[in-house]
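For the sequence shown, the UniProt record's numbering gives the first residue as 1, with consecutive numbering after it.
We put the beta carbon where it would ideally sit given N, CA and C, even for glycine.
Let me begin by presenting the structure, written as structure tokens, before commenting on it.
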Amino acid sequence: MRRGVFVDVRWAAASHYSRAVTSEAATQREAREQGPAGDPPVVPHSPLEDVLGVLIGTYVVSFGVAVLGGAGAVTGGTAGLSLLVAYVLDVPFGPVFALVNLPFFVLAWFRKGTSFTVRSAVSVALVSGFATLHDHLLTLPDLAPLYAVLTADLLIGIGLLIVFRHGSSLGGFNVVALLAQERFGWRAGYVQMGMDVVVVLAAFAVAAPLIVLVSALGALVLNQVLALNHRPGRYLGA
1 MRRGVFVDVR
11 WAAASHYSRA
21 VTSEAATQRE
31 AREQGPAGDP
41 PVVPHSPLED
51 VLGVLIGTYV
61 VSFGVAVLGG
71 AGAVTGGTAG
81 LSLLVAYVLD
91 VPFGPVFALV
101 NLPFFVLAWF
111 RKGTSFTVRS
121 AVSVALVSGF
131 ATLHDHLLTL
141 PDLAPLYAVL
151 TADLLIGIGL
161 LIVFRHGSSL
171 GGFNVVALLA
181 QERFGWRAGY
191 VQMGMDVVVV
201 LAAFAVAAPL
211 IVLVSALGAL
221 VLNQVLALNH
231 RPGRYLGA
């Protein structure tokens with residue numbers, strides 16, 4: 001009888017320990033889901049939210065590029081490179097932007113996977129399409145270069161942030177910048193800033209020095225928007 005009581009007590013203790021371990025594991029799992037300091041659970045964007053986000057982001061970017069083109073200015077990245085080519089060859093921006101980004105899609109395909117590459121290709125196609133739409137429907141007045149460039153680069157930076165937050169990019173230097181951030185922890189904005197310097201300097205060959213200097217300031221503003229707002233681990237959501 002005593003042995004039976006002992007077994008019952010031992011079983012009860014083991015059962016209590018098992019429940020305690022299970023409860024602790026559940027608590028730890030919940031803490032991981034919530035994130036540090038009791039943050040709410042991370043809820044990814046739905047497919048519909050991603051579609052709408054990419055549409056909005058690419059439209060904002062394309063409008064910023066249209067404002068830049070109206071001022072005869074440039075910016076960094078493949079958008080700036082495409083503007084330079086469009087100025088020199090006197091061709092529309094949209095098709096040039098799509099062609100310039102093709103080599104970078106190869107890099108994205110091998111390093112970021114099919115899903116990211118397809119999303120980026122769709123985003124580039126949308127920017128190209130919206131840019132063509134602006135060419136036909138948008139007539140801009142004469143704008144002060146400084147105002148036009150700063151406004152345009154703010155719009156482009158905000159549009160890029162929206163696109164990034166929905167798991168896409170605009171190819172080109174954005175892909176390289178995001179890869180550097182994920183692999184080495186470098187901020188995407190600062191990585192892109194270095195590459196943008198080369199593009200802006202090349203603008204001296206086709207634009208007046210004042211326009212190039214203003215464009216350089218605008219590119220700095222754009223990259224600061226990215227550097228301040230696109231940092232890993234700072235924001236919830238996916």
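Asked                                                                                                       : Found
Leucine 150, DSSP secondary structure in three states                                                       : helix
When Asn229, Gly113 and Ala121 are compared against alanine 98, the one with the closest alpha-carbon       : Ala121
For serine 120, the three-state DSSP class (helix, strand or coil)                                          : helix
Buried versus exposed, by CB contacts within 10 Å (16 or more), threonine 139                               : exposed
Alanine 188 beta carbon less than 8 Å from that of alanine 177                                              : yes
Simplified DSSP assignment, three categories, for glycine 70                                                : helix
Terminal residues of the alpha helix (DSSP H) in which aspartate 90 lies                                    : First-last for aspartate 90: undefined, no H or E at that position.
Local Cβ density within 10 Å of leucine 68, reported as buried at 16 or more and exposed below that         : buried
Contact set for leucine 146: own chain, Cβ-Cβ below 7 Å, skip 5 residues either direction                   : Val214
Span separating the alpha-carbon of phenylalanine 184 from that of valine 191                               : 11 Å
Straight-line Cα distance separating leucine 161 from leucine 226                                           : 7 Å
The segment 60-77 touching the segment 162-173, judged by at least three CB pairs closer than 8 Å           : yes
Reduced DSSP secondary structure (H/G/I, E/B, other) of threonine 139                                       : coil
Residue environment, asparagine 223, which counts as buried when at least 16 other CB atoms sit within 10 Å : buried
Residue span of the alpha helix (DSSP H) that contains serine 215, given as start and end                   : 209-229
Status (buried if at least 16 other CB within 10 Å, exposed otherwise) for leucine 89                       : exposed
Sequence-distant residues of its chain with Cβ nearer than 6 Å to glycine 80 (five each side left out)      : Val74 and Val199
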